[in-house]
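Participant: Input: one structure, supplied below.
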Amino acid sequence: MTNVFAFKVSGPPNPMFPGIAVACAVLIILRLCAITPGRRRSPALKQRERSCNALIFVGSGKFAEMMTLLRPLNPNLYTPRSYLIAQSDTLSESKVKEQDTNAIIYRLPRAREVGQSWLTVPLSMARALAVAIQLEVKVNPELILCNGPGSCIPICMAAYLVAMLGVRRPQIVYVESFARVTSLSLTGKLLYLFVDRFIVQWPELTQKYPKAEYLGMLA
Numbered sequence: 000m001t002n003v004f005a006f007k008v009s010g011p012p013n014p015m016f017p018g019i020a021v022a023c024a025v026l027i028i029l030r031l032c033a034i035t036p037g038r039r040r041s042p043a044l045k046q047r048e049r050s051c052n053a054l055i056f057v058g059s060g061k062f063a064e065m066m067t068l069l070r071p072l073n074p075n076l077y078t079p080r081s082y083l084i085a086q087s088d089t090l091s092e093s094k095v096k097e098q099d100t101n102a103i104i105y106r107l108p109r110a111r112e113v114g115q116s117w118l119t120v121p122l123s124m125a126r127a128l129a130v131a132i133q134l135e136v137k138v139n140p141e142l143i144l145c146n147g148p149g150s151c152i153p154i155c156m157a158a159y160l161v162a163m164l165g166v167r168r169p170q171i172v173y174v175e176s177f178a179r180v181t182s183l184s185l186t187g188k189l190l191y192l193f194v195d196r197f198i199v200q201w202p203e204l205t206q207k208y209p210k211a212e213y214l215g216m217l218a
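For the sequence shown, numbering that gives the first Met the number 0 assigns the number 0 to the initial residue and increments by one for each residue that follows.
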């Protein structure tokens with residue numbers, strides 16, 4: 000009688016597997032280092048000489064700051080302009096359309112809602128990241144402007160994940176909150192080494208963070 004529970008014992012593990020795994024890990028680290036600006040600054044926004052596909056994240060309650068940052072930029076050089084708004088943000092879309100009649104609006108689920116349990120954050124973060132990757136591929140921005148809370152982290156992560164595959168990484172500019180006078184927000188700390196330009200609204204921060212650029216108050 001044939002034993003239905005019988006199975007064939009496989010041979011010893013492939014001795015090459017650890018080496019392949021290490022080589023892959025080294026390649027990933029090298030690629031990440033190559034596309035991460037670290038403490039380096041990129042050229043100023045006004046130095047562009049050709050049209051730039053821009054993706055602008057508008058954080059809830061940070062609309063005035065972002066519009067102040069965009070005002071001096073030549074709209075003919077920063078076009079098309081796509082705006083990314085949190086799914087639960089009910090105010091920013093109408094404000095954006097009032098300021099920019101050519102605005103293209105996209106929605107992104109929040110990585111964490113106010114008052115949301117931290118136990119459910121990994122699931123909501125994964126959902127936000129999945130949508131962000133789709134938007135990154137669809138929009139293919141050359142520039143990402145972001146401010147506000149942690150809702151902008153998924154789109155920045157998506158830019159790096161796509162770039163790991165060899166695609167050009169967009170330039171990322173982050174604007175720290177007006178409320179941060181002597182220390183960075185959690186979002187700012189997480190993104191500090193991964194953005195090309197880090198803009199603050201208080202000069203005290205430039206003394207502690209060499210990469211930070213003080214451009215005055217944007218509120």
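The beta-carbon is built from N, C-alpha and C at its ideal position, and this holds for glycine as well.
Looking at V174: is its Cβ nearer than 8 Å to the Cβ of E64?
Facilitator: Cβ distance < 8 Å, so V174 and E64 count as in contact.
Participant: Since A219 sits in a beta bridge, which residues does DSSP pair it with?
Facilitator: Residue 219 is absent from the model: the chain starts at 0 and stops at 218.
Participant: Is the CB-CB distance between I143 and I171 below 8 Å?
Facilitator: Yes. Within cutoff.
Participant: By the 10 Å Cβ neighbour count, where 16 or more other Cβ atoms means buried, how is C145 classified, buried or exposed?
Facilitator: By the neighbour-count rule (16 or more Cβ atoms within 10 Å), C145 is buried.
Participant: Which runs of the beta strand (DSSP E), 3 residues or longer, sit entirely within the region 100-146?
Facilitator: DSSP runs (the beta strand (DSSP E)) wholly in the region 100-146: 103-107 and 142-146.
Participant: Take A85 and list the residues in its own chain whose beta-carbon comes closer than 7 Å to its own, dropping the five residues that flank it on each side.
Facilitator: The answer, listed in chain order, is S59, L107, R109 and S150.
Participant: Write down the C-beta distance between I34 and R168 rounded to the nearest angstrom, noting that I regard them as a contact closer than 8 Å.
Facilitator: Confirmed, Cβ separation roughly 5 Å.
Participant: Could you tell me the boundaries of the alpha helix (DSSP H) in which F62 lies?
Facilitator: Element bounds for F62: F62 to L69.
Participant: Which of the three DSSP states, helix, strand or coil, is assigned to R168?
Facilitator: Of the three classes helix, strand and coil, the one that applies to R168 here is coil, per DSSP.
Participant: When we look at the beta-carbon of K96 and count the other beta-carbons within 10 Å, is it buried (16 or more) or exposed?
Facilitator: It counts as exposed.
Participant: Going by Cα to Cα distance, which pick from R196, V194 and Q200 is closest to T181?
Facilitator: Residue Q200 is the option with its Cα nearest to T181.
Participant: With A162 as the anchor, note down where its alpha helix (DSSP H) starts and where it stops.
Facilitator: Unbroken alpha helix (DSSP H) run through A162: I152 to A162.
Participant: Out of S176, F177, P202 and Y208, point me to the one whose CA is closest to Y191's CA.
Facilitator: Cα-wise, what sits closest to Y191 is Y208.
Participant: For K94, which residues of its own chain have a beta-carbon under 6 Å away from its beta-carbon, when the five flanking residues on both sides are left out?
Facilitator: Excluding sequence neighbours, K94 sits near F62.
Participant: Under the rule that 16 or more other beta-carbon atoms within 10 Å means buried, what is V138, buried or exposed?
Facilitator: That one is buried.
Participant: What first and last residue would you give for the alpha helix (DSSP H) that runs through E92?
Facilitator: Its alpha helix (DSSP H) spans residues S91 to Q98.
Participant: Which residues in the same chain as R126 place their Cβ atom closer than 7 Å to its Cβ, once the five residues preceding and following it in sequence are excluded?
Facilitator: Closer than 7 Å at Cβ, skipping near neighbours: P108.
Participant: DSSP three-state call for R179: helix, strand or coil?
Facilitator: In the structure shown, R179 sits in coil (DSSP, three-state: anything other than H, G, I, E or B).
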